[in-house]
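Going letter by letter, the sequence shown gives residues 7 to 339 in our numbering.
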Amino acid sequence: MAFAPFFFVTIILCLGCAPRQRQVQREALSALTLTALQRVVFDARCIMCNEGCFASSALEGEVMRSIHFISGLPRSGSTLLAALLRQNPRFHAHMSSPLAGMVDAMLGEMSDRNELSTFITNEQRRRVLRGLFDGYYGQEMTASVIFDTSRTWCAKLPVLSGLFPDYRIIACVRHVSWIVDSLERAVQKNTLRPSFMVNFDTRGTIYNRVEGFATGEGILGYSYNALKDAFFGEHAPHLMLLQYETLVRDPAMAMAAVYDFVGEPAFNHDFDNVHFDVGAFDDRTGMPGLHAVAAKVQARGRETVLPPDIFRRFENDAFWRHAPSNIRGVRVV
Numbered sequence: 007m008a009f010a011p012f013f014f015v016t017i018i019l020c021l022g023c024a025p026r027q028r029q030v031q032r033e034a035l036s037a038l039t040l041t042a043l044q045r046v047v048f049d050a051r052c053i054m055c056n057e058g059c060f061a062s063s064a065l066e067g068e069v070m071r072s073i074h075f076i077s078g079l080p081r082s083g084s085t086l087l088a089a090l091l092r093q094n095p096r097f098h099a100h101m102s103s104p105l106a107g108m109v110d111a112m113l114g115e116m117s118d119r120n121e122l123s124t125f126i127t128n129e130q131r132r133r134v135l136r137g138l139f140d141g142y143y144g145q146e147m148t149a150s151v152i153f154d155t156s157r158t159w160c161a162k163l164p165v166l167s168g169l170f171p172d173y174r175i176i177a178c179v180r181h182v183s184w185i186v187d188s189l190e191r192a193v194q195k196n197t198l199r200p201s202f203m204v205n206f207d208t209r210g211t212i213y214n215r216v217e218g219f220a221t222g223e224g225i226l227g228y229s230y231n232a233l234k235d236a237f238f239g240e241h242a243p244h245l246m247l248l249q250y251e252t253l254v255r256d257p258a259m260a261m262a263a264v265y266d267f268v269g270e271p272a273f274n275h276d277f278d279n280v281h282f283d284v285g286a287f288d289d290r291t292g293m294p295g296l297h298a299v300a301a302k303v304q305a306r307g308r309e310t311v312l313p314p315d316i317f318r319r320f321e322n323d324a325f326w327r328h329a330p331s332n333i334r335g336v337r338v339v
């Protein structure tokens, strides 16, 4: 009795391929009969350009995913941006994710501090790191465009460029004095619950807290240095800066710029009905309301809680507003 052959086919369409190459791949796939294609095993390699891609298969009906990143400075609108992006049913975005920490951990485990790293090639390292994304955003994630959020991503552009050649990173920024004001305001709002933002110190003054925010390992200082790393580095073409001031004063223009930057068709967002509840996360970190998003996107004026000398200290730190410093031509919205 004759049996139809049992084929194992490795076929992947890489988002980095040129359109002509992708068309060739589609034509090759369509030429296979259903009888021959009884089982398809997908591998994370593109048959045309040998580049990796992100959970994108060639079968009709499968989701072709792309991945982008949200990063930048704290208290600068990244949660609001994620809340707006989530209105688009094709998109997934969140206030943050553990993937950046997982990438850091795996890079460390695969480094030379592990005596067995001699058996790990760079190609294996890339596959392991891509596997983190593929596993975290698994089949249950139906969105075709992923926006992963972490302030760490601005320090990881060389790594991301080796994993996802077509990625984009949107860095949210804001006048630095008002970032410090927002951080201090959040601490003062929860005076009975010492904050992780000040290492749970209960004795410090506002001057101690601001020093802690601004150190190289502080919540502001680290992300500020990472932003400069990305802004002035060779991978800056992947980067766009979205100013908080623009997002809240002209959200339609800001979102149009985001869509243009990532190459996705426009979507009609509702800026008067924004819903995003991460209260459980904020409660667990001891900072209720830290990531609360107002229902209506609008600019709100207020007086600063900072002493005048602290406010003045950070007044000139918005380097992205100094056009001659933008040596890489980074788009600033």
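We treat Cβ as the ideally placed atom computed from N, Cα and C, and that holds for glycine.
For the pair Val338 and Gln249, the CB atoms are nearer than the 9 Å cut-off.
Annotation: Gly168 to Arg199 spans about 42 Å, alpha carbon to alpha carbon.
Under the three-state reduction of DSSP, Gly78 is assigned to strand. The beta carbon of Ala220 lies closer than 7 Å to those of Leu226 and Gly227 in the same chain, with the five residues before and after it left out.
Contact between the region 97-109 and the region 147-162 is present: three or more C-beta pairs spanning the two stretches fall below 8 Å. With at least 16 other beta carbons inside 10 angstroms of its own, Ala242 counts as buried. The three-state reading of DSSP puts His244 in helix, counting H, G and I together.
Using a Cβ distance threshold of 9 Å, Leu247 and Val179 count as a contacting pair. Assignment of Arg337 by DSSP, reduced to helix, strand and coil, places it in the strand class.
Closest option to Leu91, judged by alpha-carbon separation, among Met293, Val268 and Gly335: Val268. The three-state secondary structure of Asp283, taken from DSSP, is coil. A distance below 7 Å between beta-carbons, with the five flanking residues on each side excluded, links Gln194 to the following residues of its chain, in chain order: Val311. Taking the CA atoms as reference points, Ala272 sits about 34 Å from Asp110. When C-alpha distances from Arg81 are compared across Leu122, Glu190, Met116 and Pro164, the shortest belongs to Glu190.
Every unbroken stretch of the alpha helix (DSSP H) spanning 4 or more residues and falling wholly within the region 167-208 is given here in chain order: 182-195.
Residue state for Ala89 is assigned as helix, using DSSP reduced to three classes. Asn274 has its alpha-carbon roughly 20 Å from the corresponding atom of Ala305.
Membership of Ile152 in the beta strand (DSSP E) is indicated by the continuous run Val151 to Thr155.
Taking every protein chain shown into account, the CB of Met203 has 16 or more other CB atoms within 10 angstroms, so this residue is buried. Residue state for Ile73 is assigned as strand, using DSSP reduced to three classes. Taking all protein chains in view, the Cβ of His244 is crowded by 16 or more other Cβ atoms within 10 Å, so the residue is classified as buried. In summary, Gly107 is exposed, with fewer than 16 beta-carbon neighbours lying within 10 Å of its beta-carbon over all protein chains present. For Ser331, same chain residues with a beta-carbon under 8 Å away, outside a window of 5 residues either side, are Phe325 in chain order. In the three-state reduction of the DSSP assignment, Gln145 falls in the coil class, being assigned neither a helical nor a strand state.
Membership of Phe97 in the beta strand (DSSP E) is indicated by the continuous run Phe97 to Ala99. Taking a contact to require three or more Cβ pairs closer than 8 Å, the region 207-220 and the region 134-149 do not qualify as touching. With fewer than 16 other beta carbons inside 10 angstroms of its own, Leu122 counts as exposed. Look at Gln304 here: in three-state DSSP terms it is coil, with no helix or strand label. With a contact defined as Cβ atoms closer than 8 Å, Ile185 and Leu253 miss out at about 14 Å. Exclusion of the five residues before and after Thr208 leaves Pro200 as the residues of its chain whose Cβ lies within less than 6 Å of its Cβ.
Put simply, the backbone Cα of Gln145 is about 15 Å away from that of Arg136.
Shortest Cα-Cα distance from Asp278 to any of Ile333, Asp266 and Val299 involves Val299. The beta-carbon distance between Val264 and Ile176, rounded to whole angstroms, is 6 Å. This is short enough to meet the 8 Å contact definition.
With contacts defined by Cβ atoms closer than 9 Å, Phe237 and Val303 do not form a contacting pair.
Closest in alpha carbon position to Gly239, among Ser156, Met116, Leu163 and Thr211, is Leu163. In this structure Leu105 touches Ser156 by the C-beta definition: roughly 7 Å separates them, less than 8 Å.
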